[in-house]
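Once you know that position 50 of the sequence shown is 33 in this note's numbering, the rest is easy, because the numbers rise by one and skip nothing.
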Amino acid sequence: MTTTNEETPGEFEFDSFNQQVSLTVRIKEILTEYPDGSQVLREILQNSDDAASQEQ
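The following block contains the structure:
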């Protein structure tokens, strides 16, 4: 199955393999690759809190 980006038709085409990864699993994998581990996530959350973000 070939899918096309609707915003810019024909610019991006890719085959959909219906692969899905749990968001929490993927975040955990990313954080284990960072030297500081979960400190990166804490910093991102603190920055959004400092900026009075409405959504985190």
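Beta carbons: idealized from backbone N, C-alpha and C, even for Gly.
Rounded straight-line distance, which links the Cα of residue j to that of residue i
{"i": "Asp19", "j": "Ser(-1)", "result": "34 Å"}
{"i": "Arg17", "j": "Thr7", "result": "Per the sequence shown, residue 17 should be read as Tyr rather than Arg. Spanning the two alpha carbons is a distance of roughly 16 Å."}
{"i": "Asp32", "j": "Ile13", "result": "22 Å"}
{"i": "Met(-16)", "j": "Asn1", "result": "Unreliable placement is indicated for Met(-16), whose pLDDT of 48 sits below 50; the coordinate value is still reported in the next sentence. Approximately 10 Å, taken between the alpha carbons."}
{"i": "Glu(-6)", "j": "Asn30", "result": "35 Å"}
{"i": "Ala35", "j": "Glu26", "result": "14 Å"}
{"i": "Lys11", "j": "Ser5", "result": "10 Å"}
Extent of the continuous alpha helix (DSSP H) to which residue i belongs
{"i": "Glu26", "result": "22 to 33"}
{"i": "Val8", "result": "6 to 16"}
Host beta strand (DSSP E) of residue i (start-end)
{"i": "Glu(-4)", "result": "-4 to -2"}
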